[in-house]
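Since the structure comes first, as structure tokens, the remarks are kept for the end.
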Amino acid sequence: MTTTPAHIVVTGAAGKAGRAAVADLLEHGYRVLATDLTPPPDGIDTAYLRADLTDHGQVVDVLDGADAVVHLANIPAPGLRPAARTLTENTTVNAHVFLAARTLGLRKVVWASSETTLGLAFGPEAPPRYAPVDEDHYPHPESTYALSKVLSETMAEHISTWSGIPFVGLRFSKIFTDEDYRRVPSFQADATSRMWNLWGYIDVRDAAASCRNALEADTTGSVNLIIAGDDTIMERPSAELMADVFPDVEIRGDLTGHATLLSNARARRLIGFEPRHGWRRGIPA
């Protein structure tokens, strides 16, 4: 059994997932150094360092002395920057973090991959091969953002082999906060408005917990896991959604009720991931 790391660097700490990951780790007794390009946001109650991770020297400085890294810093979605910049910046930042972890002998690397590696955006012209989609649906990038994550998963596999460091890539579904849940009623009239990721989502608190689960789990090599909630974002049952929007897609297993169409079974098994939050518990006023 490996020893759980105690001193964690969280990159991308000013982002939605980063802020939640920092809070969760502090709540569970970890010592945390938070880092991002921007000034510290409100609510960050730990050491905070501004750093540009496209500069390898700065990455080494940031990670020096840490036991492990929760690496969440990247351009977070397609369409936010020019396609070429998204590809080159994300792969550069990830390579720098992974290689610095090897140089410094970190005990674990947990990092943000993406559901987009599995084929998103899904639609009538590009349906999933089967549902629920699981890790075996990989790789099927449809954007330079998704490609940056596929390339980074390949880098993680080889650098883990070279170094012996366990890597866990978290293929996060669309991350929702309480503020995001207020938009859920607007999704319900048109199922096609959220078909692009099979109506999947993950609560930001569960996304944060999955980072800690990955740090604490006894994993080896490089593994990549879907991190999604147990349900969809829709009021209609999952089987009905598939029959309406993707009628020709093979259904593998029993789609009971509002069961997720992005399987989190492997994350449950390998790192003990267990979603505890979701929009069906009530949308904040």
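Heads up: take any position in the sequence shown, counting from 1, add 188, and you land on this note's numbering. Note that beta-carbon positions come from the ideal geometry of N, C-alpha and C, so glycine has one too.
| request: Take proline 229 as the anchor and find which of Leu214, Ala208, Leu213, Leu294 has the nearest alpha-carbon. | output: Against the sequence shown, residue 229 aligns to sequence position 41. That would be Ala208, whose Cα lies nearest to the Cα of proline 229.
| What residues are listed by DSSP as bridge partners for arginine 359? | Counting from 1 along the sequence shown, the entry for residue 359 is found at position 171. Its beta-bridge partners are Ile414.
| For arginine 469, which three-state DSSP category applies? | As a first step, residue 469 must be located in the sequence shown, where it is residue number 281. Arginine 469 falls in the helix class under three-state DSSP.
| In this structure, does DSSP put isoleucine 439 in helix, strand or coil? | Translated into positions along the sequence shown, residue 439 becomes position 251. Of the three classes helix, strand and coil, the one that applies to isoleucine 439 here is strand, per DSSP.
| Got a sec, what are the start and stop residues for the alpha helix (DSSP H) tryptophan 350 sits in? | One-based indexing of the sequence shown puts residue 350 at position 162. Here the alpha helix (DSSP H) through tryptophan 350 covers 332 to 351.
| query | Is DSSP giving alanine 397 helix, strand or coil here? | reply | Taking the first residue of the sequence shown as 1, we reach residue 397 at position 209. If DSSP states are grouped into helix, strand and coil, alanine 397 belongs with the helices.
| said: Starting from leucine 237, trace the alpha helix (DSSP H) in both directions and tell me its first and last residue. | reply: Reading the sequence shown from its first residue, position 49 is the one you call residue 237. Not the alpha helix (DSSP H): leucine 237 falls in the beta strand (DSSP E), residues 235 to 238.
| isoleucine 196 to valine 257 span [Cα, whole Å] | Numbered from its first residue, the sequence shown carries residue 196 at position 8. Numbered from its first residue, the sequence shown carries residue 257 at position 69. Looking at the two C-alpha atoms, the distance is approximately 5 angstroms.
| task | Would you kindly work out how many angstroms separate the C-alpha atoms of alanine 201 and serine 301, rounded to a whole number? | result | Working through the sequence shown from its first residue, we reach residue 201 at position 13. Working through the sequence shown from its first residue, we reach residue 301 at position 113. Answer to the nearest angstrom: the Cα atoms are 16 angstroms apart.
| message | Please tell me whether tyrosine 281 and valine 356 are closer than 8 angstroms, where the distance is taken between their beta carbons. | response | Walking along the sequence shown from the start, residue 281 turns up at place 93. Walking along the sequence shown from the start, residue 356 turns up at place 168. Residue identity differs from the one stated: residue 281 is valine in this sequence, not tyrosine. Cβ atoms of valine 281 and valine 356: not closer than 8 angstroms.
| Helix or strand or just coil, what does DSSP make of tryptophan 387? | Position 199 of the sequence shown, counted from the start, is the residue given in the question as residue 387. Tryptophan 387: coil per DSSP, three-state reduction.
| field | Neighbour-count burial assignment, arginine 464, 16 or more Cβ in a 10 Å radius | value | Start at 1 with the first residue of the sequence shown, and residue 464 comes out as number 276. Exposed.
| said: Can you give me the C-alpha to C-alpha distance between arginine 370 and aspartate 418, rounded to a whole angstrom? | reply: If you number the sequence shown from 1, residue 370 lands on position 182. If you number the sequence shown from 1, residue 418 lands on position 230. So the two alpha carbons sit approximately 19 angstroms from each other.
| said: Which of the three DSSP states is assigned to leucine 182 in this structure? | reply: There is no way to answer for residue 182, as the model of the chain reaches only from 189 to 473.
| query | Who pairs with lysine 296 in a beta bridge, going by DSSP? | reply | Within the sequence shown, numbered from 1, the residue matching residue 296 stands at position 108. Partner(s): Ala256.
| From phenylalanine 364 to tyrosine 389, what distance separates their C-alpha atoms? | Within the sequence shown, numbered from 1, the residue matching residue 364 stands at position 176. Within the sequence shown, numbered from 1, the residue matching residue 389 stands at position 201. Those two C-alpha atoms are separated by around 7 angstroms.
| task | Taking threonine 444 as the reference, give the member of Arg456, Arg454, Met430 with the closest Cα. | result | Here residue 444 refers to the residue found at position 256 of the sequence shown. The option with the nearest alpha carbon to threonine 444 is Met430.
| request: Please confirm if the segment 308 to 326 is in contact with the segment 240 to 252, defined as three or more CB-CB distances below 8 angstroms between the two stretches. | output: no
| message | Quick test of your reading: alanine 254 and tyrosine 236, contact by CB under 8 angstroms. State the CB separation rounded to the nearest angstrom. | response | As a first step, residue 254 is located in the sequence shown; it is residue number 66 there, counting from the start. As a first step, residue 236 is located in the sequence shown; it is residue number 48 there, counting from the start. Actually they do not touch by this definition, with Cβ atoms about 14 angstroms apart.
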